[in-house]
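First comes the structure, then the notes that go with it.
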Amino acid sequence: MGKAKHLQDCRGEVVFFFLLANTCQTIAKQIHYSIPEETEKGFLVGNIARQLGLEAKELSDRGIRVVSPGRTPYFALNYRSGHLHTTERIDREEICGQMETCILNFEIIVGESMKIYGVAVEITDINDHAPTFQSEKLLINISEITAPGSQFPLLEAQDPDLGNNSLQGYKLSNNSYFSLNVQIVDGRKYTELVLESPLDREEEAIHNLVLIAYDGGDPVGTGIVEVDVTVLDANDNAPVFSQPIYKVNVREDILIGSTIVGLKATDLDEGTNKEMKYSFRKITPKASQNFHLDANTGEITLVGSLDYEESALYEIEVQVHDGGGLLDRSTLMIFVTDVNDNAPKLEITSLIRTIPENSPPATAIALLNVQDQDSAENAEVSCSIPSNLPFQLKKSYDSYYSLLTTRALDREQVPAYNITVTVTDHGTPPLSTSLIIPLEILDTNDNPPHFLESVYTSYLMENNPRGASILSLKADDPDWAENSRITYSIIERNTYDSPISSFLSINSETGVVYGLTSFDYEEFQHIQFQVKAEDGGSPPLSSNVSVTLFILDQNDNAPEILYPSPPTDGSTGIELAPRSSEPGYLVTKVVAVDADAGQNAWLSYQLTKATEPGLFTVGLHTGEIRTARFFLEKDGLKQSLVVSVKDNGQPPLSTSVTVTVVLADNIPEILSDLSSISVSVDPQSDLTFYLVIAVAFVSCLFFTFLLVLLAVKLHRWRNSQLYESGSVNLSGVPVSQFVGIDGVRAFLHSYSHEVSLTTDSRKSQFNISRGNYFNDVTNQQPCEIRDPFLIVEDVNNSKGDTVNIQVSYP
106 MGKAKHLQDC RGEVVFFFLL ANTCQTIAKQ IHYSIPEETE KGFLVGNIAR
156 QLGLEAKELS DRGIRVVSPG RTPYFALNYR SGHLHTTERI DREEICGQME
206 TCILNFEIIV GESMKIYGVA VEITDINDHA PTFQSEKLLI NISEITAPGS
256 QFPLLEAQDP DLGNNSLQGY KLSNNSYFSL NVQIVDGRKY TELVLESPLD
306 REEEAIHNLV LIAYDGGDPV GTGIVEVDVT VLDANDNAPV FSQPIYKVNV
356 REDILIGSTI VGLKATDLDE GTNKEMKYSF RKITPKASQN FHLDANTGEI
406 TLVGSLDYEE SALYEIEVQV HDGGGLLDRS TLMIFVTDVN DNAPKLEITS
456 LIRTIPENSP PATAIALLNV QDQDSAENAE VSCSIPSNLP FQLKKSYDSY
506 YSLLTTRALD REQVPAYNIT VTVTDHGTPP LSTSLIIPLE ILDTNDNPPH
556 FLESVYTSYL MENNPRGASI LSLKADDPDW AENSRITYSI IERNTYDSPI
606 SSFLSINSET GVVYGLTSFD YEEFQHIQFQ VKAEDGGSPP LSSNVSVTLF
656 ILDQNDNAPE ILYPSPPTDG STGIELAPRS SEPGYLVTKV VAVDADAGQN
706 AWLSYQLTKA TEPGLFTVGL HTGEIRTARF FLEKDGLKQS LVVSVKDNGQ
756 PPLSTSVTVT VVLADNIPEI LSDLSSISVS VDPQSDLTFY LVIAVAFVSC
806 LFFTFLLVLL AVKLHRWRNS QLYESGSVNL SGVPVSQFVG IDGVRAFLHS
856 YSHEVSLTTD SRKSQFNISR GNYFNDVTNQ QPCEIRDPFL IVEDVNNSKG
906 DTVNIQVSYP
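As numbered in the numbering used here, residues 106 to 915 make up the sequence shown, in order.
And the structure:
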């Protein structure tokens with residue numbers, strides 16, 4: 106008693122799982138009772154508490170209940186007294202029919218331990234039915250020439266009781282012509298009317314008799330039927346059936362309208378005495394609903410549905426009579442064979458819906474009951490579950506099965522199971538029934554948060570708005586409820602001499618990272634930091650992930666022209682080109698860079714304005730200004746060109762520069778024209794200043810070399826008239842001009858110098874500062890001299906991230 110109360114009061118998980126670990130055990134004990142039929146509702150059957158060895162007040166505490174799977178619950182348990190009583194009036198004939206022993210079986214289940222006790226209650230018969238005939242009146246036609254001793258079958262009485270309470274015999278009312286003959290065949294009593302004296306229709310045409318059937322009950326039950334015998338004229342041959350007993354086997358799924366059997370009888374008479382009519386002599390109400398007899402042909406057809414489970418045998422008495430009133434009888438036995446037309450039934454008797462993931466193996470989940478209404482092998486069943494589940498079915502008692510775990514469960518792998526239990530019979534074809542048992546696995550905090558990616562990489566366009574979201578991090582925790590609630594935080598550290606919290610913030614619930622400042626690609630290109638994800642378990646578990654944020658370049662810098670340097674005083678850069686230049690002659694090169702990166706730094710050059718359209722062309726990607734055709738006399742000496750440099754960003758940005766090109770055929774013309782052209786100097790551009798100094802220095806060295814070379818040439822050449830006639834004062838000529846002394850023609854060539862500069866605007870690779878241009882220029886390889894009188898340097902396009910800049914100096 107104390108133990109039961111203790112088990113009831115315990116509500117903690119330890120006791121709960123201890124009870125689950127004690128799996129169902131069965132005790133093969135059968136409790137037997139016997140009661141008479143037709144008892145009133147509430148009739149006392151017996152004391153169950155005493156049979157189980159329990160006190161009456163313990164019944165409800167232990168969760169004891171009565172289970173009758175697939176059957177009508179005729180019994181109930183009184184938890185106060187421990188008595189088992191009936192729940193309704195019990196009719197033995199309705200439940201068991203003609204079975205000699207009528208037993209109702211059910212089970213008593215103890216809820217805590219899931220123990221099962223079988224209970225059998227035998228229903229004994231009482232004389233509650235009197236013999237009855239199928240009809241209240243029987244008509245018999247007998248020819249007057251019928252010989253004494255002739256027998257005529259009478260109706261058989263029916264009594265559903267058993268033993269002494271069933272039909273015991275028949276009696277016939279007193280008369281002078283007939284007696285009663287009772288025969289017992291296979292335990293059944295058949296009555297026949299025996300003619301004792303010759304009949305004379307003219308003397309008495311109708312004889313009224315009474316047939317009495319009685320049983321052996323106390324008091325005796327009786328049933329009567331009136332027998333009216335009509336005396337007919339002579340008919341000396343009675344019809345005869347071809348078989349005394351017809352036996353037919355039919356399947357229970359035979360179609361309605363099918364022919365069951367054809368009765369056949371013969372009569373040796375002629376005329377109307379040979380005309381035969383078939384009829385049912387004795388048939389049950391159920392059989393009369395299922396079978397139809399054609400009176401003329403004797404063919405019996407099916408008019409209702411057969412069910413082996415309702416009735417496996419139909420025994421019908423048929424008769425045939427001719428036109429003279431003579432008849433014969435036969436017995437028709439229809440055996441209904443079983444087909445597998447009933448699927449097994451599966452019921453849950455006990456069920457546990459949730460268990461923790463660390464439950465031990467062999468924990469009981471459910472108790473199931475299986476029933477099949479078919480017979481023989483059609484009623485044999487097999488119960489199974491999917492083999493890939495960590496559960497097993499174990500037969501407990503009779504048709505009961507226990508569902509048990511086979512190993513420890515892991516909620517993170519499978520949080521819940523829908524266990525499909527399938528019961529299949531052994532019929533052909535087999536029928537099955539399935540039942541889904543839901544089982545939820547309870548969680549324990551045994552998993553830290555896990556980020557979806559091992560390393561996060563994100564890209565952000567520079568000049569982003571402050572407070573805008575940058576990226577979203579997501580971590581999963583396979584645990585449940587509070588154990589899976591994740592909070593996010595950024596691990597604090599310094600970035601660019603500032604705490605990371607001054608740049609970024611994170612939403613602790615969603616994992617969305619926000620930018621607190623507007624980033625500039627030209628200032629820094631990436632940020633690395635770590636994010637921590639922590640669950641809400643006790644103790645909490647956490648994990649970290651590394652995040653790299655790359656700043657993407659935006660087209661926010663216009664191209665910057667390095668050469669020619671944009672003037673500040675309104676003047677333009679001056680380049681010289683000889684009038685004898687051929688098409689494609691390189692005049693100069695526009696050099697520009699863009700502080701952006703990628704395609705935002707891809708530059709294209711375009712000639713937007715020219716004094717003489719069609720005279721010069723500009724390389725789309727090189728910026729080289731070349732002649733497009735031969736110069737004509739009508740072409741002006743001074744040509745003004747406007748070159749536009751545009752990047753490939755969206756939207757594109759552009760810058761333009763004006764280049765002045767002077768055309769000349771001889772030195773005096775050049776000098777006279779140059780005296781009127783002022784060279785613009787950009788005092789604000791340190792880059793141009795350093796470039797001019799560097800080029801002037803190189804030009805002076807080169808010019809000195811040319812002077813020495815010219816002196817040697819003059820000494821060797823004796824005919825130097827051309828030189829004497831063309832000597833002039835060169836003090837006003839820019840240092841970048843040289844005169845070739847080979848004939849009367851003097852050409853002006855521009856001295857070009859190749860400078861290689863990188864265009865990647867990232868500070869780590871290309872630092873744009875005003876103190877480096879001089880070094881970039883002076884550190885280049887020395888120019889190759891191809892002709893002492895014509896100095897032209899090749900311009901090569903750069904590879905990779907470099908751009909070849911060709912600079913012409915005045």
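C-beta: ideal position from N, C-alpha, C; glycine also.
Task: Buried or exposed (CB count within 10 angstroms, at least 16 for buried), residue 386 - done: Flag for residue 386 reads buried.
- [ ] Take the Cβ of residue 814 as the centre, count every other Cβ of all protein chains shown within 10 Å, and call the residue buried at 16 or more, exposed below.
- [x] By the neighbour-count rule (16 or more Cβ atoms within 10 Å), residue 814 is not buried but exposed.
Open item on the list: How far does the beta strand (DSSP E) with residue 272 in it extend, from its first residue to its last?
Closed with: Going by DSSP, residue 272 is part of the beta strand (DSSP E) stretching over 272-277.
Task: Length at least 3, wholly inside the stretch 288-347: the beta strand (DSSP E) runs in chain order - done: You should have 293-300, 311-320, 327-337.
TODO: Could you name the residues that DSSP lists as bridge partners for residue 434?
DONE: In the DSSP output, where bridge partners are listed per residue, residue 434 has 424.
Open item on the list: I'd like to know whether the C-beta atoms of residue 147 and residue 138 end up nearer to each other than 7 Å.
Closed with: No, the Cβ-Cβ distance between residue 147 and residue 138 is not below 7 Å.
- [ ] Rounded to whole angstroms, what's the CA-CA distance from residue 311 to residue 333? Just pull it up for me.
- [x] Computed Cα separation, rounded: 7 Å.
Open item on the list: Count Cβ pairs between the stretch 660-670 and the stretch 574-590 that sit closer than 8 Å; are there 3 or more?
Closed with: Judged by pairs of C-beta atoms under 8 Å, the stretch 660-670 does not touch the stretch 574-590, as fewer than three such pairs exist.
Task: Short Cβ contact (7 Å threshold) for residue 228 with residue 195 - done: Yes, these two residues count as a Cβ contact at 7 Å.
Open item on the list: Three or more C-beta pairs under 8 Å: does that hold for the stretch 249-258 against the stretch 293-308?
Closed with: Touching, yes, given that three or more Cβ pairs across the two stretches are closer than 8 Å.
Task: Residue span of the beta strand (DSSP E) that contains residue 197, given as start and end - done: First-last for residue 197: 197-201, but that is the alpha helix (DSSP H), not the beta strand (DSSP E).
TODO: Would you identify the three-state DSSP class for residue 62, choosing helix, strand or coil?
DONE: For residue 62 there is no data in the structure shown, the boundaries of the chain being 106 and 915.
- [ ] Please say whether residue 723 and residue 708 have beta carbons closer to each other than 7 Å?
- [x] Contact check for residue 708 against residue 723 fails: the beta carbons are separated by 7 Å or more.
- [ ] Measure the C-alpha to C-alpha separation of residue 490 and residue 471 and round it to an integer number of angstroms.
- [x] Answer to the nearest angstrom: the Cα atoms are 13 Å apart.
- [ ] Could you please give me the residues that DSSP links to residue 566 through a beta bridge?
- [x] DSSP, once it has assigned bridges, lists 657 as partnering residue 566.
- [ ] Inspect the beta-carbon positions of residue 367 and residue 409 and report whether they are closer than 7 Å.
- [x] No, the Cβ-Cβ distance between residue 367 and residue 409 is not below 7 Å.
Open item on the list: Do residue 745 and residue 760 count as a contact pair if the criterion is CB distance below 7 Å?
Closed with: Against a cut-off of 7 Å, the Cβ pair of residue 745 and residue 760 comes out as no contact.
TODO: State the start and end residues of the unbroken alpha helix (DSSP H) segment that holds residue 391.
DONE: Under the DSSP assignment, residue 391 falls in the alpha helix (DSSP H) whose first and last residues are 390-395.
- [ ] Let me know the beta strand (DSSP E) ranges lying completely inside the stretch 208-266, each 3 residues or longer, listed in chain order.
- [x] Taking only runs of at least 3 residues, the beta strand (DSSP E) segments lying wholly in the stretch 208-266 are 208-215, 220-229, 242-248, 256-258.
- [ ] Give a yes or no on whether the C-beta atoms belonging to residue 382 and residue 370 are separated by under 7 Å.
- [x] The answer is no: Cβ separation not under 7 Å.
TODO: Mind the definition here: the stretch 646-663 touches the stretch 679-697 only if three or more C-beta pairs lie below 8 Å; say whether that holds.
DONE: Under the three-pair Cβ rule at 8 Å, the stretch 646-663 does not count as touching the stretch 679-697.
Task: Own chain partners of residue 917 with C-beta closer than 6 Å, once the 5 adjacent residues on each side are dropped - done: Since the first residue of the chain shown is 106 and the last is 915, residue 917 is not available in this structure.
Open item on the list: I'd like the list of long-range same chain contacts for residue 483, defined as Cβ closer than 8 Å, with 5 residues on each side in sequence excluded.
Closed with: Once the five neighbours on either side are set aside, the close Cβ partners of residue 483 are 443, 444, 445, 447, 477, 530, 531, 532.
Task: Three-state secondary structure assigned by DSSP to residue 804 - done: Looking at residue 804 - three-state DSSP - the assignment turns out to be helix.
Task: Where residue 354 falls, given that 16 or more other Cβ within 10 Å makes a residue buried - done: Around the beta-carbon of residue 354, fewer than 16 other beta-carbon atoms lie within 10 Å, marking it exposed.
TODO: Go through the stretch 517-558 residue by residue and report every complete run of the beta strand (DSSP E) that reaches 3 residues or more, in order.
DONE: Counting only runs of at least 3 residues, the stretch 517-558 fully encloses the following beta strand (DSSP E) elements, listed from N- to C-terminal order: 521-530, 537-547.
- [ ] State the start and end residues of the unbroken alpha helix (DSSP H) segment that holds residue 630.
- [x] Note, residue 630: premise wrong, no alpha helix (DSSP H); not H, not E.
Open item on the list: Please identify the residue among 590, 548, 185, 598 whose C-alpha is closest to the C-alpha of residue 607.
Closed with: Closest in C-alpha terms to residue 607, from the list 590, 548, 185, 598, comes 598.
Task: Per-residue burial, residue 289 [other beta carbons within 10 Å of its own, 16 or more giving buried] - done: Under this definition residue 289 is an exposed residue.
- [ ] Can you say whether residue 267 is buried or exposed, counting buried as having 16 or more other CB atoms within 10 angstroms of its CB?
- [x] By the beta-carbon neighbour count (other beta carbons within 10 angstroms, threshold 16), residue 267 is buried.
Task: Among 729, 794, 730, 734, nearest to residue 720 - alpha-carbon criterion - done: Distances from the CA of residue 720 to each of 729, 794, 730, 734 were compared; the closest alpha carbon is that of 734.
Open item on the list: Under DSSP, the alpha helix (DSSP H) around residue 156 begins and ends at which residues?
Closed with: Residues 153-157.
- [ ] Compare the beta carbon distance of residue 640 and residue 520 with 7 Å and say whether it is the shorter of the two.
- [x] Note that the C-beta distance between residue 640 and residue 520 is not below 7 Å.
- [ ] Please report the Cβ distance between residue 462 and residue 544, rounded to the nearest whole angstrom; I am assuming they are in contact, meaning their Cβ atoms lie under 8 Å.
- [x] Contact annotation, residue 462 with residue 544: C-beta distance approximately 11 Å; criterion of less than 8 Å not satisfied.
Task: residue 646: first and last residue of the uninterrupted beta strand (DSSP E) it sits in - done: No beta strand (DSSP E) contains residue 646, which DSSP labels as neither H nor E.
Task: Collapsed DSSP secondary structure at residue 587 in the structure displayed - done: In this structure, DSSP gives residue 587 a helical state, which the three-state scheme calls helix.
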